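Heads up, the thing below is written out as structure tokens.
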Amino acid sequence: MSFQQMQQDAPVLKYPEDFAPHPNISLETAANMLFRAIQTSQNLPYHWTFIDKPQEGQIYLLFMPNPALPLNDGIRWQDQENRFAMPVQRGARELEVAEVKYGFVPNSPDTSAWRVRRRYRLHKGGHPQLVLVHYSRVPAIQIVPSLLNTPVRQYPLRQITDPPVYVIGDKMGQKAFPQAPGPGQGPGPHHQGGMPIPMPPVGMNPQAMIAQQNSNMEALERRRERDRERARDGSASAVGQRPGPPRLDDDESADESELLSTRTLALTRYRRNHELMEEVFKQAAFGTKGSPPPKRIYEAFDKEELEANVVRRKSSTSMLFRAKFYYSLGQATR
Numbered sequence: 088m089s090f091q092q093m094q095q096d097a098p099v100l101k102y103p104e105d106f107a108p109h110p111n112i113s114l115e116t117a118a119n120m121l122f123r124a125i126q127t128s129q130n131l132p133y134h135w136t137f138i139d140k141p142q143e144g145q146i147y148l149l150f151m152p153n154p155a156l157p158l159n160d161g162i163r164w165q166d167q168e169n170r171f172a173m174p175v176q177r178g179a180r181e182l183e184v185a186e187v188k189y190g191f192v193p194n195s196p197d198t199s200a201w202r203v204r205r206r207y208r209l210h211k212g213g214h215p216q217l218v219l220v221h222y223s224r225v226p227a228i229q230i231v232p233s234l235l236n237t238p239v240r241q242y243p244l245r246q247i248t249d250p251p252v253y254v255i256g257d258k259m260g261q262k263a264f265p266q267a268p269g270p271g272q273g274p275g276p277h278h279q280g281g282m283p284i285p286m287p288p289v290g291m292n293p294q295a296m297i298a299q300q301n302s303n304m305e306a307l308e309r310r311r312e313r314d315r316e317r318a319r320d321g322s323a324s325a326v327g328q329r330p331g332p333p334r335l336d337d338d339e340s341a342d343e344s345e346l347l348s349t350r351t352l353a354l355t356r357y358r359r360n361h362e363l364m365e366e367v368f369k370q371a372a373f374g375t376k377g378s379p380p381p382k383r384i385y386e387a388f389d390k391e392e393l394e395a396n397v398v399r400r401k402s403s404t405s406m407l408f409r410a411k412f413y414y415s416l417g418q419a420t421r
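Position in the sequence shown (first residue = 1) + 87 = this note's numbering.
Right, here's the structure in full:
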């Protein structure tokens, strides 16, 4: 095997969750999955693996430092890979598609070349090293006889012992070594990355993602409550007693930044602070301080002053009528 073939046959970094197979994926769906993967990939380490002889409809999310390099997947392709870019999400992002057709698996029941592979990545408006790979079907063509039994890689594939690696975020480049389970405990479903509560997979629908985030926030609140109880118990204990080793609960093996996404953590803190300030404003607005009863409408006037004004106006009116009467009488006698 040549050096170039050895480079192409190197293992790849794959997103740890598996996706349900789909016969077809639209450009918008691929763009949405890649955009959501930017967030979920920050807290999940990618695993080293080989993609070998995938079935129709299979989907992989890979981290490829150089997406332009060929991808060896155990399939012999009878066509050249073509690349083109398409605007998606109303032109906000640009999706690059690398398509290769007419593939078959050598030394297999394949009697025609019917496989197609499409690699999607957000060339603009996303993370260009996250690549979504999808395998589907095209109208078959005849297999070149000289290629029918020619393998594209050497078997058996070597066993991979490299630990998972974080590829995005603050932990980028850090290895996630498996953690040994405690006494009487078995390894969790995603214990290799030190993540007791995994982030939702990219293919999860929005309702399921919200439910997962709410569950994570509730776990974080329970952790804070236990911390407060331990602090109270520690203050009441006798002075000079040597404390035992700290106990780690199932959901305490990661800090807040590992347990929740940045947006969810901010929402949790905002909700907690809002509840505290709500009590302050409620006491200020609806507390026990006495408020004076509202004044009646006539209390703004002085009764004695009003009566004096009435007397003066009556006197003025009487004088006016007398003057008018004498004036009229004088005119009549003339």
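Even for Gly, the Cβ is constructed at its ideal location relative to N, Cα and C.
Please read these numbers as outputs of a predicted model, since none were measured by experiment.
Requested in this report: State the beta-bridge partners of Pro174 as determined by DSSP.
Outcome: Looking at the DSSP output, Pro174 sits in a beta bridge with Glu181.
Query raised in the report: By DSSP, does Val397 sit in helix, in strand, or in coil?
Result: Val397 sits in a helix when the DSSP states are folded into three classes.
Query raised in the report: Across which residues does DSSP place Glu186 in a beta bridge pair?
Result: Note: Glu186 sits in a beta bridge opposite Asn169 and Arg205.
**Report entry** Contact under 8 Å by Cβ, Asp166 with Val187
**Finding:** yes
**Report entry** Which residues DSSP lists as bridging Arg224, in chain order
**Finding:** DSSP lists Arg202 as partners of Arg224.
Query raised in the report: Straight-line CA distance for Leu156 to Arg208?
Result: 14 Å
Query raised in the report: Under a three-way DSSP split, which group does Tyr253 fall into?
Result: coil
Query raised in the report: Gly331 to Arg309, Cα distance in whole Å?
Result: No answer about Gly331 holds up, because its pLDDT of 46 lies below 50 and its placement is not dependable.
Query raised in the report: In or out: His361 buried (at least 16 other Cβ within 10 Å) or exposed?
Result: Counting Cβ neighbours within 10 Å, His361 comes out exposed, since fewer than 16 surround it.
Report task. Would you mind working out which of Met406, Asp197, Thr127 and His214 sits nearest Arg224, comparing C-alpha positions? Result -> Asp197
Query raised in the report: Can you name, in chain order, every residue of its own chain whose Cβ lies under 8 Å from the Cβ of Val239, other than the five neighbours on each side?
Result: Same-chain partners within the cutoff: Asn159, Gly161, Ile162, Arg163 and Pro193.
Report task. State the CB to CB distance for the pair Gln176 and Glu115, rounded to an integer number of angstroms; the pair is presumed to be in contact (CB under 8 Å). Result -> Contact holds; Cβ gap of about 7 Å.
Query raised in the report: So, is Ala117 buried or exposed, given that buried needs 16 or more other C-beta atoms within 10 angstroms?
Result: Ala117 is buried by the Cβ-count criterion.
**Report entry** Close Cβ partners of Ala410 (< 6 Å) along its chain, the five nearest in sequence each way excluded
**Finding:** none
**Report entry** C-beta atoms of Phe137 and Leu244 nearer than 8 Å
**Finding:** yes
Query - Start-to-end residues for the beta strand (DSSP E) that takes in Thr136 - result: His134 to Thr136
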